[in-house]
Amino acid sequence: MEKEHRKAIQRNFVALVETCNYHALLPLLIEKGVFTKDMIKWQNENDEKDKKRQLFINITRRGPEAFHKLITALRESYQHSLADCLDPRDTPEQSVSDNSSTRLFLYPNNGNIKQSIENAKEFEDSFYINLRTEPLKVVVKLAEKFVNSYNDIANMPPMYQTQSKNRGIALIINIVNYSDEARYPFRYGAYVDDANLIELFSQMGLKVLSFRDLNRMDLENKITSFAHDPLLSHADIAVIVVMGHGSYQLNDTTVIGADGNEVEATWIEEQFNNYNCSYMKMKPKIFIYQVCRGPLNDYGTSHSVPRRTEHDSSVKSIRTYSDMLIAHSTLSGFASHRDTNTGSWYIELICEIFMKYSYNTEVQDLLTMVDNRLKKMRSEKMTQQTSTFTNIGFNKCYFHPGIYLEDGLIKKFNV
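The sequence shown begins at 1 in UniProt numbering and counts up one residue at a time.
Shown next as structure tokens:
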């Protein structure tokens, strides 16, 4: 299906789901070869709206003729308002021949349909459903100059010095495959996340350490080893990314290791406080968690069957802690979304926003931009997600991707 046709379906998705006559439309689409009876497994869905969602998501993958056949089927089932929404240029014939192939499906309360469509369109402008099947291609826009410091300006927050050739180190831990798969399912699509993050931070000029499928003991060992790595003494920035199944217990987020045992997020952060990690004292430490923090869905829409969108369920006030920015993919008690083709919503957006805007935008603003995009996304079940981040004595921080200062000259990393 052409890109503009896919966008038309996405743009009118709510109106299609809310107002279409599914039982009139589906037989016509089968007759026209858009679907076969074996394809429509979503018929097993109990909820009528779920059936409609699956139909319109799957039709975007049914070839270049599917869109025009959809328009024709809508008109043949007398759903002209929806056909007009999708393609205003396609005008219906003024008369319908009286023959045995003509099907007349009367939609009740036709006068209310147009109003329902208008109401739905007002709502749908505020969100979108991801219909892409290809992962994000990470290409970082490199900085050409350093953001000027304003540390000498009264009442302005200080800015970290992030101009050296040793820009930083990113530790990426991704738990994808669990020993107890019945309890902790394989995290389809999660391999995309660490691949994207490795590309992102490498292109920025950071050194990257990446590990997968660690049990609790190995995870803890990697964390403590990293916190005591002498290389951090020269690093401008430390980034710690942990992804996997997780939960929220006793006011703390936990990450579940590959063996099913849990590691508390606060323990991870504790290893990098000013007492335990002297190498990063007074330097920026950024924590990113892509884990569920509870079982709750935030309803506010899965792609193909089986569904692409899955869930990864399952601060001290003293100055020992400072220079920490702690980012979570979701709120306490809620689940995170992961697309089995394109990876986790949150990580994909971090990679997209950071690669486009980190050249001149500080990291807290980047995370705010991520959430502004995240709030517009919906799953096939109309669930949504809200990210959050906590500032613990954290100042302004720019990645200045791709460049460093040496002998007073701006130079480029060889990446």
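Don't be surprised by glycine CBs; every beta carbon is placed ideally from N, CA and C.
Keep in mind it's a predicted model, so treat the numbers as computed, not measured.
The beta carbon of L25 sits closer than 6 Å to those of A73, S77, all from its chain and outside the five residues before and after it, given in chain order. Here the alpha carbons of K141 and K356 stand approximately 6 Å from one another. Out of K69, P64, T253, the CA that lies nearest to the CA of E4 is found in P64. Restricting attention to M39, F13, I169, the CA atom closest to the CA of Y279 is found in I169. Its chain contains V370, R373, L374 as the residues whose beta carbon lies nearer than 7 Å to that of L349, once the 5 sequence neighbours on both sides are disregarded; these appear in chain order. Between I175 and I223, the CB-CB gap reaches or exceeds 7 Å.
Assigned with DSSP and collapsed to three states, L214 falls in coil, not helix or strand. Within the same chain, Cβ atoms closer than 6 Å to the Cβ of H328 are found at Y289, T388, the five residues on either side in sequence being excluded. Distance from the CA atom of K145 to the CA atom of L405, rounded to whole angstroms, is 10 Å. Residues D193, Q290 of the same chain have their beta carbon placed closer than 6 Å to that of I347, with the five preceding and five following residues left out of the count.
Shown here, M355 sits in a helix according to DSSP, grouped into three states. Nearest in C-alpha terms to K137, of all of D407, I353, I410, is I353.
K32 and E48 have their C-alpha atoms spaced approximately 22 Å apart. According to the DSSP assignment, M204 belongs to the alpha helix (DSSP H) that extends over 190 to 204.
Annotation: G244 to R338 spans about 11 Å, alpha carbon to alpha carbon. By alpha-carbon distance to D252, the top candidate from H23, D218, T266 is T266. When the Cα atoms are used, I30 and K52 turn out to be separated by approximately 15 Å. Distance from the CA atom of L325 to the CA atom of R61, rounded to whole angstroms, is 40 Å.
In the structure shown, K396 adopts extended strand secondary structure according to DSSP, grouped into three states. Taking V147 as reference, the option from V139, P157, Q163, P135 with the minimal CA-CA separation is Q163. Annotated three-state conformation of D371 is helix, per DSSP. The C-alpha of T340 is placed about 19 Å away from the C-alpha of I173. In the three-state reduction of the DSSP assignment, N58 falls in the helix class, which pools H, G and I. Between M204 and F399, the CB-CB gap stays under 7 Å. Its Cα nearest to that of N395, the residue Y160 stands out among A8, I59, Y160, P230.
Listed as beta-bridge partners of Q290 by DSSP are M243. Taking a 10 Å sphere around the C-beta of G393, we find fewer than 16 other C-beta atoms and assign the residue as exposed.
Each of Y275, T330, Q364, L367 was checked against the Cα of S322, and the nearest Cα belongs to Y275.
Residue burial annotation: K283 is buried, with at least 16 other C-beta atoms found within 10 angstroms of its C-beta. Under the 10 Å beta carbon count, P401 is surrounded by 16 or more other beta carbons and is classified as buried. Distance from the Cα of V239 is smallest, within the candidate group I59, L200, Q43, for L200.
In the structure shown, H337 adopts extended strand secondary structure according to DSSP, grouped into three states. Residue state for H328 is assigned as strand, using DSSP reduced to three classes. Rounded to the nearest whole angstrom, the CA to CA distance from K37 to K412 is 57 Å. The three-state reading of DSSP puts S387 in coil, since its state is none of H, G, I, E or B.
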